[in-house]
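Chemist: Sequence lines, in order, name chains D and H. So for the first sequence, the numbering used here puts the first residue at 907; every next one is plus one. So for the second sequence, the numbering used here puts the first residue at 475; every next one is plus one. Quick one: structure below, then a few questions.
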Amino acid sequence: MSRILTIWLPRWPVQRRLVERPELRRVPVFVCRRERRGLMTVISWAWAEPPSDRGRDNRRPRIAPGMPLAEAMAVLAMTHGSRACHAAVVEHDDPAADRAALERLARWCRRFSPTVGLEQPSGDAAAECIQIDVTGTAGFFDGEWPLVRTAAWTLTARGLHARTAIADTPAASWAAAHYTDLVGARNAATEDRRSAWPRPRRQRFAVVPPGAQRLASGDEAVLAGLPAEALRLDAATLGLLREVGIDSIGGLLRLSAKSIATRFPPLVARRLAEFSGARAEPLAAPHGAELPQAAHAFDFPLAARDAIRPALDAVIERLVVACVVPLAARGDGVLALQVRLERTAGLLALAATPIVIDVGLFRASATVRHLVDLVRLRLDRVQISGEIAAVAVEVVAVGPVDCRQRSLFATERRDDGAAAVGGLLDRLAGRLGRAAVFEPRLVADAQPEHAWIATPPGSRPAVGSVAGGRERLPRDRVRREGAVASPQAAAGRRPIWMPPKPVPLEPLRAALVAVAPDGPPVRFRLGDDVHDVAQAHGPERIETAWWRGATVRRDYFIVETRSGARFWVFRRLRDGAWFLHGVFA
Amino acid sequence: MVTIGWEATGVLDGGQLAAREAVREVVASGFRSLDALLPAGGVRRGSLIEWLAGGAAGGMAGAGAMSLAGAVACRLARAGDEPGTIVVIDRTGWFHPPAVLPWLGCGAEAARLIVARPAHDDDEIWAIDQALRCAGVAAVLVWPRVAASPGGGLVAGRRCAAQSWTIAMRRWQLAARSSGAVGLFVRPATSQGEPSFAEARIAVTPSPGGTLLERRLRLTRVGGSWAGGPDADEPAVDVVLDMARGTAGAVRHRGAAGAFEQREAACRAS
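Pasting the structure below:
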């Protein structure tokens, strides 16, 4: 029988953000998905470090995934006061980034065993588990108990809260990892007593003895007491089970296979078979596990003080070729590449950390020259010190490249332009950063600051196939895109220059007041210049809905000064203060 | 005696250079009176054009030069057989795309707009060079750097040293020539004295009046390819910019035709 270690990272979307930005630990973080009509639904939330006197269980806000954000805020306000709501950070759901981060962690988990897989979530749930086949490798960690403990606490040292469990099947270890408290209480007696570790208040790890997942009763049946939710069933099936009085796995195990098959949906029998091991459940390897990599170790370390760049460049080029060739053979190209320069520990121990260069591309490329250029661009900006002992190149992500037939005569190709722009985007992103290169798109939003979003370039399928891209969108997205007509209707009334924050306009000896009660200003000062308004267009009233947080209520005017310059100013309706919000430059 | 011709040394004289320049395609800018102002009778692919915004120092804000440059860029991107790409190098982070996005067109004909936000001056120079060198790019828009002054106003921020800008500009000229991209540089009027490698330098000053969706701009040619100083005798024209579509707007005669309408009509007739 195999032994599977499951590492569960509860609330992974939030945990990932907390690791990336530790400053978020002090505030409540909500990860939300935007539904139709701008309604925000909480996917996951956490408050890693709540105020110490209030972190007790009885005061913990009960916020369930799927709750609207406004409701969750109200619950938070009831337990922690409205100040907590003001401090709360609302983040947009990003399943792709969550998955990518989990895959990175899964690759890191290869230290426990070479066979690593990701949980295959049912429905639209996000994966939160890493599953590792540790058959025969637990001995290297001095047994299974030290292994689960090591896994849980090493992840804690990396700032991640993890629960770990080992059982015979992936499903059983999944269940044990999600209910380590219950399993741990049952098998505390069988735990290795030599362990000098104090038992934590809440058990974070568990080991299920071999064969225990098949037992419905007895001392060894540590899993029989787990609730039926641990079988990964959907809510409707769980309701069905509850109706007939089955609320634990043990209750299901006592039934005969025949009665389960006739009474319940087929999913129950399948999950039970996976749980007991009657039906095999393969581990799904993280995407890109079979990606090529190449390394080169120098006979003598290269000292940075010598002119090593030509030698390094030559080695990197050779390694990139070695990585790209097998990919190109199956029609794939590189989407992300990692170059590691391993340094030897010299006199300074600090110098031993490797130099890691991550190169990301907007569209997959199998062109060695382009990839090497991107690496060089990054290498130019890295201070190399110490001695380089080895160079390793690893392909992190791949994507299909559109191959095309070469033409005999060098003629102008229509898609040469698009390919050249793709290369330009990679170079710009390589030097300026991926966030600094984007393609703006209009979205339907009343508030001018949020009327456009920066999307990564290349996310559009291709120029000209907009209709084809729309077919793939879910229905509500199409409706939202249809609503884009409203910013389109505002064409010509939006400034080309907008300061990041509205600039307050200073009152000029009370001359800034409008003549009409709700009219445009007649004169305002901007820096050292005093502008007399010759004509004004407006007002265009913009108000945002209450469920979006701080309400925005403004009257916008396009004002033209006597010299012909045009500005976009607004009056905040709350207190009548004037702001400059754009320049028709 | 051996004589070495200019061809042998790889240096072209003025006539040859002009002949080679003339081969490249000239695209109408979409504004007839602006075309009349440009030396080639339109925007020549692979050239640089400078727009000097505003008349007096500090008065560049709100002058309309950027809108006009954006409109010309959209026109250039849509003029070819297939839609091109516009790259905006936005050093300030103030560019507000909804002003330009409706001008790109829609469907298969839509041009593509890409914004890059460099954080340093040398990154900006490098990014402009890379964008101008790229074959699929129709136009590169460069905005001047502005900063909110302590008083709350907008002033033209300090550009990197004028000399490095001039040297870089020569590089950009060669880069643009190699790819056919057009560089559109909006600069404050105070930089008029600096040398330039642009094919045309056009000062843009706003004219008062105009409707909500139409802006009136007065364009003055203030220098050619290699010249730097202002020239009082250079011609000036008026254009009307349709803010909703990014094209030339029609002049509406409301009542008696003012000086602006007369000048504009004269330009159209010529």
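Backbone N, C-alpha and C define an ideal beta-carbon position, used for all residues, glycine too.
Determine the direct distance from the alpha carbon of Arg943/D to that of Arg690/H, and round the result to whole angstroms.
Modeler: Rounded to the nearest angstrom, the two C-alpha atoms are 39 Å apart.
Chemist: So, are the CB atoms of Ala954/D and Leu982/D less than 8 Å apart?
Modeler: Result no, Cβ atoms of Ala954/D and Leu982/D do not sit closer than 8 Å.
Chemist: Cβ of Trp525/H less than 8 Å from any chain D Cβ?
Modeler: No, its Cβ sits nowhere closer than 8 Å to a Cβ of chain D.
Chemist: Can you find the residues in the same chain that come closer than 6 Å, C-beta to C-beta, to Gly515/H, ignoring five residues on each side of it along the sequence?
Modeler: Taken in chain order, the residues that qualify are Asp509.
Chemist: How would you list, in chain order, the residues of chain D whose beta-carbon sits under 8 Å from the beta-carbon of Val589/H?
Modeler: Within 8 Å Cβ-Cβ: Val1343, Phe1344, Glu1345, Pro1346, Ala1360.
Chemist: Reducing DSSP to helix, strand and coil, say where Asp1481/D ends up.
Modeler: Residue state, collapsed to three classes: coil.
Chemist: In three-state DSSP terms, what is Trp646/H?
Modeler: Correct three-state label for Trp646/H: helix.
Chemist: If the cut is a Cβ gap below 8 Å, which residues of chain H does Arg1337/D touch?
Modeler: What Arg1337/D touches in chain H: Asp597, Trp600, Ala601.
Chemist: Specify the secondary structure class of Cys608/H as computed by DSSP and reduced to three states.
Modeler: Here Cys608/H sits in coil by DSSP.
Chemist: Arg1185/D to Ile1072/D, Cα distance in whole Å?
Modeler: About 18 Å.
Chemist: Counting contacts by CB-CB distance shorter than 8 Å, is Phe1046/D in contact with chain H?
Modeler: For Phe1046/D, the answer is no, since every Cβ of chain H falls outside 8 Å of its Cβ.
Chemist: What does DSSP give as the partner residues of Arg1246/D in its beta bridges?
Modeler: DSSP output for Arg1246/D lists Val1262/D, Ala1298/D as bridge partner(s).
Chemist: Cβ atoms of Ala1295/D and Phe1170/D: under 8 Å apart, would you say?
Modeler: Not in contact: Phe1170/D and Ala1295/D (Cβ atoms no closer than 8 Å).
Chemist: Can you pull the chain H residues whose beta carbon is under 7 Å from the beta carbon of Glu884/D, in chain order?
Modeler: Missing from the structure shown is residue 884/D; chain D here goes from 907 to 1491 and no further.
Chemist: I need the boundaries of the beta strand (DSSP E) containing Ala590/H, first residue and last residue.
Modeler: Taken as a continuous stretch (DSSP letters only), the beta strand (DSSP E) holding Ala590/H covers 586 to 590.
Chemist: Using the Cα positions of Arg1249/D and Arg1460/D, report the straight-line distance between them to the nearest angstrom.
Modeler: Going by the C-alpha atoms only, they are around 58 Å apart.
Chemist: First and last residue of the beta strand (DSSP E) that includes Ala1200/D?
Modeler: 1199 to 1209 is the extent of the beta strand (DSSP E) around Ala1200/D.
Chemist: At a Cβ cut of 7 Å, what residues of the region 660 to 675 of chain H count as close to chain D, listed as they run along the chain?
Modeler: Per Cβ criterion, the list is empty.
Chemist: Counting only Cβ pairs nearer than 8 Å, list the residues of chain D close to Thr559/H.
Modeler: Those within 8 Å of Thr559/H in chain D are Gly1323, Val1327.
Chemist: Do Ala612/H and Gly558/H have their CB atoms nearer than 8 Å?
Modeler: Contact: yes.
Chemist: What does DSSP give as the partner residues of Asp1279/D in its beta bridges?
Modeler: In the DSSP output, where bridge partners are listed per residue, Asp1279/D has none listed.
Chemist: Going by alpha carbons, who is nearest to Pro1408/D out of Val995/D, Trp1484/D, Gly1292/D, Asp1039/D?
Modeler: Of the candidates Val995/D, Trp1484/D, Gly1292/D, Asp1039/D, the one whose C-alpha sits nearest the C-alpha of Pro1408/D is Trp1484/D.
Chemist: Is there a Cβ from chain D that is less than 8 Å from the Cβ of Leu648/H?
Modeler: No - not a single Cβ of chain D is within 8 Å of the one on Leu648/H.
Chemist: Asp1074/D and Gly1117/D: beta carbons closer than 8 Å?
Modeler: The answer is yes: Cβ separation under 8 Å.
Chemist: Going by Cα to Cα distance, which pick from Ala1083/D, Phe1111/D, Met1404/D is closest to Pro752/H?
Modeler: Any answer about residue 752/H is impossible in this case: the structure gives chain H only from 475 up to 744.
Chemist: Could you give the first and the last residue of the continuous beta strand (DSSP E) run that contains Thr947/D?
Modeler: Per DSSP, Thr947/D belongs to the beta strand (DSSP E) from 946 to 952.
Chemist: When you compare the CB of Ser1079/D with every CB in chain H, is at least one pair closer than 8 Å?
Modeler: It does not; no Cβ of chain H falls within 8 Å.
Chemist: If we call anything under 8 Å between Cβ atoms a contact, is Leu1243/D one with Val1262/D?
Modeler: No.
Chemist: Just the C-alpha distance for Glu977/D and Arg1016/D, rounded to the nearest angstrom, thanks.
Modeler: Spanning the two alpha carbons is a distance of roughly 41 Å.
Chemist: With three or more beta-carbon pairs closer than 8 Å as the criterion, would you say the region 910 to 917 of chain D touches the region 1079 to 1088 of chain D?
Modeler: Touching, per the Cβ criterion.
Chemist: Between Val933/D and Val920/D, which are expected to be in contact by the criterion C-beta below 8 Å, what is the C-beta distance as a whole number of angstroms?
Modeler: In fact, because the Cβ distance is near 11 Å, the residues do not count as touching under 8 Å.
Chemist: For a contact meaning CB atoms closer than 8 Å, what does Ile1402/D contact in chain H?
Modeler: Neighbours of Ile1402/D on chain H, chain order: Met540, Ser541, Gly544, Phe569, His570, Ala573, Val574.
Chemist: Taking the alpha carbon of Leu1486/D as the reference point, which residue from Pro1406/D, Gly1157/D, Ala1234/D, Leu1334/D has its own alpha carbon closest?
Modeler: When only C-alpha atoms are compared, the closest one is Pro1406/D.
Chemist: I want to see whether chain D comes within less than 8 Å of Gly610/H, judged by CB atoms only; does it?
Modeler: Yes, its Cβ sits closer than 8 Å to a Cβ of chain D.
Chemist: What are the boundary residues of the beta strand (DSSP E) that Val1125/D is part of?
Modeler: Before going on, a small fix: residue 1125/D reads as Asp here, not Val. No beta strand (DSSP E) contains Asp1125/D, which DSSP labels as neither H nor E.
Chemist: State the Cα-Cα distance for the pair Thr1041/D and Arg1177/D, rounded to the nearest angstrom.
Modeler: So the alpha carbons of these two residues sit roughly 22 Å apart.
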